[in-house]
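A.B. asks: The structure that follows is given in the form of structure tokens.
In this note's numbering, the protein residues as written are 593 to 722.
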């Protein structure tokens, strides 16, 4: 019914759902970077975004396991890409605004900005050529 690759992807998505809820909603076992993100983000933005990501991933998992019709599968995947990109932009903004002003930290932040620009170009090319 499923290949080993599909099963692994479904398991990874489910683990990621549990991780997102445990980390960013329940605030359990946080690393220093996760504490920084939670400390400088608004809960009225963070919690709905995590809930939307989790529901989207659960819809993708359910569609892969044939629990329900996969009519909106492409929309769910696109929504995950868009939310991931939005979260990356918010995290980079938080790093830039609230982080320390050491040269190493600023260089890392500039590299992340370059990465987010490259990611936008990759998403754009994926959209154009799909």
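We put the beta carbon where it would ideally sit given N, CA and C, even for glycine. Computed from a prediction, not measured in an experiment: that's the story for all the values here.
Go to residue 704, then tell me how far its alpha helix (DSSP H) extends in each direction, as first and last residue.
C.D. replies: 695 to 720
A.B. asks: Along the chain, where does the alpha helix (DSSP H) that runs through residue 616 open and close?
C.D. replies: No alpha helix (DSSP H) holds residue 616; DSSP gives it neither H nor E.
A.B. asks: What number of angstroms, rounded off, separates the C-alpha of residue 617 from the C-alpha of residue 632?
C.D. replies: Rounded to whole angstroms, residue 617 to residue 632 spans 14 angstroms at the Cα level.
A.B. asks: Taking Cβ to Cβ, would you say residue 672 is nearer than 8 angstroms to residue 649?
C.D. replies: yes
A.B. asks: For the alpha helix (DSSP H) holding residue 671, just list the boundary residues, first then last.
C.D. replies: 665 to 690
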